[in-house]
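Trainee:
Residue numbers (the numbering used here): 29 to 717.
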């Protein structure tokens with residue numbers, strides 16, 4: 029038996045940390061949580077001060093027995109679970125499950141799996157921080173109460189297998205609200221005018237109409253655009269001002285969990301879940317040669333703080349790689365300031381500067397390399413100097429109309445030498461040699477038609493950003509929340525965009541009608557702030573449950589009585605092609621379909637389409653409400669795939685456009701409904717009133 033026992037969460041860390049510590053230390057892994065609330069019951073005694081009932085997780089018995097044997101022979105036990113609230117709670121559960129009350133037990137944390145960090149942690153052990161444990165207990169109990177009280181209502185009233193969650197339901201609301209905005213959006217027409225000018229027969233440049241006098245101009249239609257062009261053709265263009273200034277583009281901050289998820293989604297196409305899985309592998313250890321090496325720091329963090337030692341190593345690397353002028357100003361590390369609970373560890377960064385991505389590429393999978401390369405460049409850029417630009421702005425007048433052109437020239441790349449994912453490059457534009465009062469020659473004036481656009485649907489990156497901005501959940505919850513919504517069939521992902529399904533909108537409607545507080549963004553964000561207060565030791569965790577549960581329970585009882593059954597099956601007079609029984613409308617992952625009521629004896633199914641009562645304006649067939657494979661609703665002809673190609677995302681009126689002959693559709697909500705042409709190049713019905 030070793031003198032010292034170190035218990036970590038993941039088996040991937042065992043070999044790495046064992047190598048650091050030597051023979052006097054035995055390292056074991058708990059393989060995550062060892063105790064939790066029971067799955068078969070609520071597990072919270074609401075009549076006895078909301079005491080949670082923890083049980084050993086099924087399948088962990090043999091593992092715990094093995095660790096208990098090591099405990100008996102160890103003089104000191106070090107609980108080295110992850111350095112966050114959840115890790116603190118796992119250490120507390122281990123303390124009780126392994127019955128360590130009479131042992132020398134120490135809690136240690138490290139932000140990176142390096143020899144120096146682990147040995148330094150052993151020099152500064154502490155006791156389990158019960159404030160962090162209680163914050164995690166409060167989150168777990170709140171989530172259990174919400175999930176186990178609301179989910180049975182959805183099972184009973186809608187269908188089995190559905191669930192509700194404190195953060196999950198708010199996220200579904202955000203996605204559903206965005207879809208509603210898009211459906212009700214009515215586009216408006218507007219125009220812009222660009223002019224091609226030159227000075228003394230030099231190369232032409234473009235300028236855009238900005239204002240009429242001091243008032244910003246809005247051009248509503250083609251007639252107004254043509255009138256402005258006609259007026260300008262009678263006048264002359266001359267320069268009224270030129271302005272040159274220098275602009276600084278500040279360096280990026282190192283990655284937090286949220287920004288890493290956003291950038292990996294945007295530039296690598298990774299889902300949030302994939303990003304977290306790969307980052308976990310990089311943190312726990314990659315086999316480089318003959319040794320396991322943790323190549324990044326802890327991946328669940330809200331902090332942008334960087335350790336002094338890491339700053340020094342980065343500074344040496346930047347000087348050698350790029351030159352001293354690329355080194356950023358060394359700012360105060362913030363040690364004198366009080367570090368809050370969420371700032372307890374660093375930003376995500378590489379642990380060893382000698383492990384450049386190209387050096388260890390052969391030891392990494394393709395996706396591991398891509399994410400590591402992103403983290404490496406982001407950290408390096410965060411320690412580099414800002415980029416510097418010279419900007420030029422030129423105002424040109426013709427009568428009452430003011431045109432403007434602007435461009436910039438890069439003076440110094442700074443951090444963008446290392447981190448320029450958008451590939452911003454110096455424009456090849458030469459300096460425009462124009463002076464105030466100078467006349468310009470007009471090559472052409474071009475009117476351009478535009479239409480206002482609805483808000484964009486959420487990508488995973490934008491959803492994570494919105495959740496973070498609104499204080500909903502924590503970075504560690506974003507990936508599992510999105511994964512759960514996809515798995516439940518509440519949302520689908522199509523072309524990287526997230527759409528609510530019909531099922532998702534049904535569940536969201538029930539939640540809005542009956543549990544408006546639960547799906548309120550500000551309420552959920554305020555609950556996160558309260559959890560922070562618990563973690564800081566300012567609030568007793570059960571007091572929060574006491575203030576929440578009684579009113580919530582009354583809401584649940586009211587919902588049980590008021591929510592009507594959502595009948596997702598309907599009888600039809602369509603005979604089953606196998607057994608002749610009349611088919612019924614069933615509800616599946618992607619919406620409604622026709623199925624045999626004799627299932628499972630008869631498994632016949634066929635697509636189901638709801639009639640709109642509208643005649644196809646192309647072939648005269650019936651216009652039906654259909655679904656894409658991903659669950660999106662559209663309007664298509666019954667003869668699609670045969671001799672008619674009609675489809676529309678908006679509901680057609682059945683009439684043809686008097687301007688171009690295409691199909692007219694309805695847009696907007698009941699208060700602001702418009703009939704417009706489906707053809708995006710036709711402005712019938714879209715003109716500003």
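Where is the CB? At the ideal position from N, CA and C, for every residue including glycine. Nothing here was measured: the structure is a model prediction, and the numbers come from that model.
From residue 448 to residue 408, what distance separates their C-alpha atoms?
Mentor: Whole-angstrom Cα-Cα distance: 12 Å.
Trainee: Consult DSSP for residue 190 and reduce its assignment to one of helix, strand or coil.
Mentor: Residue state, collapsed to three classes: coil.
Trainee: Only counting the same chain, and skipping five residues up and downstream in sequence, which positions put a Cβ closer than 7 Å to that of residue 709?
Mentor: Closer than 7 Å at Cβ, skipping near neighbours: no residue.
Trainee: In terms of DSSP beta bridges, what is residue 653 paired with?
Mentor: Bridge partners of residue 653: 638, 663.
Trainee: Decide yes or no for the touch test of the region 59-69 against the region 77-91: beta carbon pairs closer than 8 Å, at least 3 of them.
Mentor: Result yes; three or more Cβ-Cβ pairs closer than 8 Å.
Trainee: Kindly indicate which three-state DSSP category residue 528 falls into: helix, strand or coil?
Mentor: Strand.
Trainee: Locate the alpha helix (DSSP H) running through residue 419, then write down its first and last residues.
Mentor: Taken as a continuous stretch (DSSP letters only), residue 419 belongs to no alpha helix (DSSP H), being part of the beta strand (DSSP E) at 415-426.
Trainee: May I have the straight-line CA-CA distance separating residue 215 from residue 485, to the nearest angstrom?
Mentor: Each residue's alpha carbon lies about 16 Å from the other.
Trainee: Closest to residue 508 by CA distance: which of 711, 47, 196, 186 is it?
Mentor: Nearest C-alpha to residue 508: 196.
Trainee: Return helix, strand or coil for residue 143, following the three-state DSSP convention.
Mentor: It is helical.
Trainee: Measuring straight from C-alpha to C-alpha, what distance separates residue 226 and residue 244?
Mentor: Answer to the nearest angstrom: the Cα atoms are 24 Å apart.
Trainee: Does DSSP classify residue 261 as helix, strand or coil?
Mentor: Note: residue 261 maps to helix in three-state DSSP.
Trainee: Is residue 40 near residue 113, with beta carbons less than 8 Å apart?
Mentor: No, the pair does not count as a contact, with Cβ atoms beyond the cut-off.
Trainee: Would you mind stating whether residue 465 and residue 412 have Cβ atoms separated by less than 8 Å?
Mentor: No, they are not a contact pair.
Trainee: Fully enclosed by the region 63-143, which beta strand (DSSP E) runs are 3 residues long or longer?
Mentor: Whole beta strand (DSSP E) segments, 3+ residues: 104-107, 132-135.
Trainee: Please report the distance separating the alpha-carbon of residue 238 from that of residue 432.
Mentor: So the two alpha carbons sit approximately 6 Å from each other.
Trainee: At the level of alpha carbons, what is the spacing between residue 158 and residue 107?
Mentor: Approximately 14 Å between the Cα atoms of the pair.
Trainee: Express the C-alpha separation of residue 327 and residue 135 in angstroms, rounding to a whole number.
Mentor: So the two alpha carbons sit approximately 20 Å from each other.
Trainee: Per DSSP, which one or two residues make a beta bridge with residue 429?
Mentor: For residue 429, which the question treats as bridged, DSSP gives the partners 240, 426.
Trainee: Using a threshold of 8 Å, state whether the C-beta atoms of residue 662 and residue 654 are closer than that.
Mentor: Yes, Cβ-Cβ distance for residue 662 and residue 654 is below 8 Å.
Trainee: So, for residue 103: in the same chain, excluding its five sequence neighbours on each side, which residues have a beta-carbon less than 6 Å away from its beta-carbon?
Mentor: Same-chain partners within the cutoff: 31.
Trainee: Label residue 268 either buried or exposed according to how many other C-beta atoms from any shown protein chain fall within 10 Å of its C-beta, with 16 as the threshold for buried.
Mentor: With fewer than 16 other Cβ atoms within 10 Å, it is exposed.
Trainee: Tell me whether residue 300 is buried or exposed, calling it buried when 16 or more other Cβ atoms sit within 10 Å of its Cβ.
Mentor: Buried.
Trainee: In three-state DSSP terms, what is residue 709?
Mentor: The answer is coil: DSSP assigns residue 709 none of H, G, I, E or B.
Trainee: Starting from residue 227, trace the alpha helix (DSSP H) in both directions and tell me its first and last residue.
Mentor: Element bounds for residue 227: n/a, residue is neither H nor E.
Trainee: Under a three-way DSSP split, which group does residue 733 fall into?
Mentor: Residue 733 cannot be examined here, being either before or after the span of the chain that is shown, 29 to 717.
Trainee: Rounded C-beta distance between residue 499 and residue 545? I'm assuming under 8 Å.
Mentor: Not a contact, Cβ separation roughly 16 Å.
Trainee: Is residue 407 helix, strand or coil when you go by DSSP?
Mentor: DSSP places residue 407 in helix when its eight states are reduced to three.
Trainee: If you measure between the beta carbons of residue 506 and residue 289, is that distance less than 8 Å?
Mentor: In contact: residue 506 and residue 289 (Cβ atoms closer than 8 Å).
Trainee: Helix, strand or coil, according to DSSP, for residue 562 in the structure here?
Mentor: If DSSP states are grouped into helix, strand and coil, residue 562 belongs with the helices.
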